Amino acid sequence: MLRTGLFFDPYSASRLFTLCTVSPFSTSLECARKLFDQIPQPNIYTWNTLIRAYASSSDPIQCFFIFNQMLCQCSDPPNKYTFPFLIKAGSEILGLLEGQVIHGMAVKMSLDSDVFILNSLVHFYSTCGDLDQAYKVFLMIPKKDVVSWNSMITAFVQAGCLEEALELFQRMQGEGMRPNDVTTVSVISVCAKKLNLKLGRWIHSFIEKNKIEMSLILSNAMLDMYTKCGSLEQAKILYDKMPEKDVVSLTTMLVGYAQSGEFATARKFFNAMTSQDITAWNSLISAYEQSGHPKEALALFNELQLSKNAKPDQVTLVSTLSACAQLGAMDLGGWIHVYVKKQGLKWNCHLTTSLIDMYAKCGDLEKALEVFRSSKQKDVYVWSAMIAGLAMHGRGRDAIDIFVRMQESGVKPNAVTFTNVLSACSHAGLVEEGRLYFNQMQPVYGVTPQVKHYACMVDVLGRAGLLEEANGFIEKMPIIPGASVWGALLAACKTHGNVGLAENAFNRLIDLEPRNHGAYVMLSNIYAKFGLWNGVTRLRKRMRDFGIKKEPGCSSIEVDGSVHEFLVGDNSHPLCKKVYLKLDEILLNLKSVGYIADKSHLLQDVEEEDMKDQALYLHSEKLAIAYGLISIRSPVPIRIVKNLRVCGDCHSVAKLISKLYDREILLRDRYRFHHFKEGNCSCMDYW
DNA sequence: GTAGGGTTAG
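So this is what it looks like as structure tokens:
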């Protein structure tokens, strides 16, 4: 074209240029840009095409620089085609200000009745979070087409206004507008979000009746709806009928099966993909992590690192950090912290939250605070995670301090925040503060207390020994007390010894959750404490009859990046002989300073009666501590995670070991952290 | 003589 001079014909040059911008090759945009710079007098069409190309690129902000250049260099003013591209760029960069400027220019140029520009603006304002403005623009569209309706319906769905979206769906039909496949994609996703299978089925038949095209995206949205609403069978039927499937279809099925615990089938869909993208990996990892299989999640994460096709992203790391937190795997957790920095991944609030949570749950509260202090963006979840971290370490006053500072910085507390604040009050014995914040929830903060908040409040009162007040509090509850509420009261009765209230709490709890083994163990412990052996026997028989088993105690410890688990009396560890030798040595040392095993904990233990003397000695946390002393060099602290609450004897032993062996021990049990140092525990024996 | 807006999975 250069040789023939055709390139200097503006029309021909712009055809070549357009071809270049739609090329799928990754370097084609650079190429197009170079080409553009050689076009002598780019016309308005050419400029628009360049802006369009950048609007859907990875660098949409360029659109505004180019637009500026265009205003200076192009003899034609921007036209109705220019604005949709710029508005799209505004949505991409979430640039509310930029978009508003563009909107203003369109108005000045009297282009604000163009349906394309207005539809773009509806989408733009909604992605920037200004739903009111989106709706105002929508109402001003003189001749709404199907895209106008779709844009507004989608805006409502994405803002979580599901009822409004359904209303609009009705209204568009009332005004004679026929929904298309895009409309029904949004409406089906409303059904998925509401978990409303009935409505989902109705929309499905609506689509068939109205002969709406079953696009691949619509089929995928429908698969998503059926799996989320718990109808895997219908999802499978639809899936088998789909003429075309893509990676989204497979991922949706994968998630459906993984979330109902059918991991083998989920893996089949995972393996059936020609190439597993990062979303597929994330789906499987998070399914494992969220259903109590953190070890499998970490194994998959390791597999992912060997994969050539996908690289971990922020979502992967959030799930993986959460798995680390569950296991107390701080080596890997810290490695991920470094990984994010090294890879230059963008920090977001999700990542910050899970990193704080990981450090706090692995026992390194200082690191958690460091991450918290250095984070630039703090949303309500970041603040709440820090409050929870301080709470589980017994630092109630500091937690409340953070709660106050959060409000000073203009972040409004939500239901999660209050759960954590109340938990901080309960762990630190701050009864007055607990009462105060609970009573302020609705009137001051507009957060309606849920069952979990009542349970926390019962815990605050009960732990402090105010059993009657806690019981009265439950009786006055305006909502039905759930199992967690009775569980909190029962636990308090165990700590402070009240058989009458305990029996009532137990019965109410068992009515709601007949197979709650924790309830049986707690009541049995209370009977044992008072020497009510008939009660113990009765309960034990009832457990046998119903086939209810106590959850076995399990402690885990991370050494050199791998997690070791110990069960009660475990013999499966390769180094178990050494562990038991170490344990003998420890107990001998402890006895020399006057330690006597507290056997009251033995009598209380329902399932372990056969093991009598051995049982205490074999508690999993003792095994894990012994293993830690063997394999972790001083002065690195020993970090243990236990699935149940630590027993009184293990608690005393850990205190003594911390002094005798001059080692810090961080033990996370089901409810909180115990930081043993120089013969004392951070919980000050209030737990 | 060239063109534009809205949709699914973590």
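Quick note: the first sequence uses UniProt numbering, first residue 1, plus one each step.
Backbone N, C-alpha and C fix where the C-beta goes; we use that ideal spot for every residue, glycine too.
None of these values were measured; they are calculated from a predicted model.
Bridge partners - residue i, DSSP secondary structure assignment
i: Glu-175; result: DSSP lists no partner for Glu-175.
i: Phe-673; result: Arg-668
i: Asn-680; result: Lys-677
i: Glu-558; result: Val-563
DSSP state of residue i mapped onto helix, strand, coil
i: Arg-515; result: coil
i: Phe-566; result: strand
i: Val-593; result: coil
i: Arg-633; result: coil
i: Lys-642; result: strand
i: Met-70; result: helix
i: Ile-500; result: Ile is not the amino acid found at residue 500; the sequence shown has Gly there. Here Gly-500 sits in helix by DSSP.
i: Met-457; result: helix
i: Gly-547; result: coil
i: Asp-9; result: coil
i: Asn-348; result: coil
i: Ile-480; result: coil
i: Thr-649; result: The sequence shown places Asp at residue 649, not Thr. Three-state DSSP puts Asp-649 in a helix.
i: Trp-533; result: helix
i: Glu-244; result: coil
i: Lys-34; result: helix
i: Arg-435; result: helix
i: Cys-362; result: coil
i: Asp-610; result: Any reading at Asp-610 must be qualified, since the residue scores a pLDDT of 46, below 50, and its modelled position is unreliable; the value itself is stated next. It is helical.
i: Cys-229; result: coil
i: Thr-46; result: helix
i: Gln-98; result: A quick correction: the sequence has Glu, not Gln, at residue 98. Three-state result, Glu-98: helix.
i: residue 716; result: Nothing can be reported for residue 716, as the shown portion of the chain is limited to 1 through 687.
i: Ile-212; result: coil
i: His-619; result: coil
i: Arg-663; result: coil
i: Thr-18; result: helix
i: Gly-328; result: coil
Buried versus exposed, by CB contacts within 10 Å (16 or more), residue i
i: Ser-426; result: buried
i: Asn-48; result: buried
i: Phe-676; result: buried
i: Asp-511; result: exposed
i: Cys-683; result: buried
i: Leu-163; result: Checking the sequence shown, residue 163 turns out to be Glu, not Leu. Glu-163 is exposed by the Cβ-count criterion.
i: Cys-681; result: buried
i: Trp-486; result: buried
i: Lys-342; result: exposed
i: Ala-491; result: buried
i: Lys-549; result: exposed
i: Trp-202; result: exposed
i: Ala-624; result: buried
i: Ala-272; result: exposed
i: Cys-63; result: buried
i: Pro-481; result: buried
i: Lys-346; result: exposed
i: Gly-174; result: exposed
i: Thr-21; result: buried
i: Arg-395; result: buried
* Could you tell me whether the stretch 565 to 583 touches the stretch 332 to 349, where touching means 3 or more Cβ pairs closer than 8 Å? => With a cut-off of 8 Å, the stretch 332 to 349 and the stretch 565 to 583 do not count as touching, because too few Cβ pairs lie within range.
* What runs of the beta strand (DSSP E), each 3 residues or longer, lie entirely inside the UniProt repeat "PPR" (277 to 312)? -> None, since the UniProt repeat "PPR" (277 to 312) contains no complete beta strand (DSSP E) of that length.
* Asked: Which runs of the beta strand (DSSP E) spanning at least 3 residues fall entirely within the stretch 110 to 193, listed in chain order?
  -> Fully contained in the stretch 110 to 193 is no beta strand (DSSP E) run of length 3 or more.
* Asked: Enumerated in chain order, which unbroken segments of the alpha helix (DSSP H) with a length of 4 residues or greater are wholly contained in the UniProt repeat "PPR" (379 to 413)?
  -> Qualifying alpha helix (DSSP H) stretches, in chain order: 380 to 392 and 396 to 408.
* Asked: Is the number of C-beta pairs between the stretch 77 to 86 and the stretch 41 to 57 that are closer than 8 Å three or more?
  -> As far as the Cβ criterion goes, the stretch 77 to 86 touches the stretch 41 to 57, which means the pair count is three or higher.
* Inter-stretch contact at 8 Å, needing at least 3 Cβ pairs: the stretch 587 to 596 / the stretch 531 to 550 -> As far as the Cβ criterion goes, the stretch 587 to 596 does not touch the stretch 531 to 550, which means the pair count is below three.
* Residue ranges of each alpha helix (DSSP H) run of no fewer than 4 residues wholly in the stretch 247 to 275, ordered along the chain? -> List check, alpha helix (DSSP H) in window: 247 to 259 and 263 to 272.
* Asked: Does the stretch 626 to 633 come close enough to the stretch 342 to 355 to have 3 or more Cβ pairs within less than 8 Å?
  -> Between the stretch 626 to 633 and the stretch 342 to 355 there are fewer than three inter-stretch CB-CB distances shorter than 8 Å, so the stretches are not counted as touching.
* Is it a yes or a no for the stretch 581 to 588 touching the stretch 638 to 649, going by three-plus beta-carbon pairs under 8 Å? -> Segments in contact, no.
* On the three-pair Cβ rule with 8 Å, is the stretch 298 to 307 touching the stretch 520 to 539? -> Segments in contact, no.
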